[in-house]
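Take the sequence shown: its position 62, counting from 1, is numbered 341 in the working numbering, and each next residue is one higher.
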Amino acid sequence: MSDKKTPVTHDLKKLFEKIKDVRIAMLTTFDEHHTLHSRPMATIKPEADGSLLFFTDKESAKVYEVKKDNQVNLSYSDPSANTYASISGRASAYRDEAKIAELWTEPMRGWFPKGKDDPNIMILQVDIDKAEYWDSPSSLLVQAYAYARAVVTGERSKDDDVNEHAQVKR
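Encoded structure:
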């Protein structure tokens with residue numbers, strides 16, 4: 280096990296930059312038996328206050344689950360870009376018609392056929408407590424460098440040679 284400390288930052292901008300192109304996150308909540316329950320969610324956008332927003336149906340299990348226990352985890356994964364993130368935070372579900380109208384896009388009609396005025400739409404907001412991301416460049420040149428370094432020195436690549444890994448704490 281490495282004794283190297285993972286860098287810590289309090290700046291969410293880098294985290295948001297890493298996940299901006301990853302449309303789907305796996306949201307994990309605790310169900311009624313207090314076991315983990317995960318499902319895919321489309322991230323709408325990060326807010327200026329550092330929270331992440333999603334649309335959900337007011338009748339969905341996740342609304343009930345976050346009312347019982349608001350601790351959640353979001354996992355983002357983009358294997359083609361070798362980018363991964365795990366976000367822990369507190370979730371809340373609420374209805375705000377003005378915010379729904381602001382965030383609405385026509386493709387969301389697939390989940391909400393009545394459009395932005397659908398009374399079942401709620402906003403699921405995740406306030407981030409901490410996060411961690413990993414970003415390993417996937418280019419052949421970077422992989423070749425890591426390989427050559429290992430062959431020449433007999434040591435594996437250091438995280439800061441080819442990878443980016445950090446914790447984000449609020």
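Note that beta-carbon positions come from the ideal geometry of N, C-alpha and C, so glycine has one too.
For clarity, every value in this text was computed on a predicted model and none was experimentally measured.
Would you please state the rounded distance, in angstroms, between the beta carbons of residue 297 and residue 412? I believe it to be under 8 Å.
-> 5 Å
Exposure label - residue 345; buried when at least 16 CB within 10 Å | buried
Would you be able to state if there are at least three C-beta pairs under 8 Å between the stretch 348-368 and the stretch 381-392?
-> no
Output the distance between the C-alpha atoms of residue 359 and residue 339, rounded to the nearest integer angstrom.
-> 31 Å
When 354, 336 and 313 are compared against residue 409, the one with the closest alpha-carbon | 354
Taking residue 405 as part of the beta strand (DSSP E), name the residues at either end of that continuous run.
-> 400-414
Compare the beta carbon distance of residue 294 and residue 405 with 9 Å and say whether it is the shorter of the two.
-> no
Give the DSSP-derived three-state secondary structure of residue 372 in the structure shown.
-> strand
Distance CB(residue 414)-CB(residue 362) smaller than 9 Å | yes
Start and end residues, alpha helix (DSSP H) containing residue 340 = 340-347
Do residue 253 and residue 386 have their CB atoms nearer than 9 Å?
-> The structure shown does not extend to residue 253, since the chain is modelled only from 280 to 449, so the question has no answer here.
For residue 371, collect the residues of the same chain with a Cβ closer than 6 Å to its Cβ; drop the 5 residues on either side in sequence, then sort them by chain order.
-> 404
Take the Cβ of residue 450 as the centre, count every other Cβ of all protein chains shown within 10 Å, and call the residue buried at 16 or more, exposed below.
-> The question about residue 450 has no answer, for the chain in this structure spans 280 to 449.
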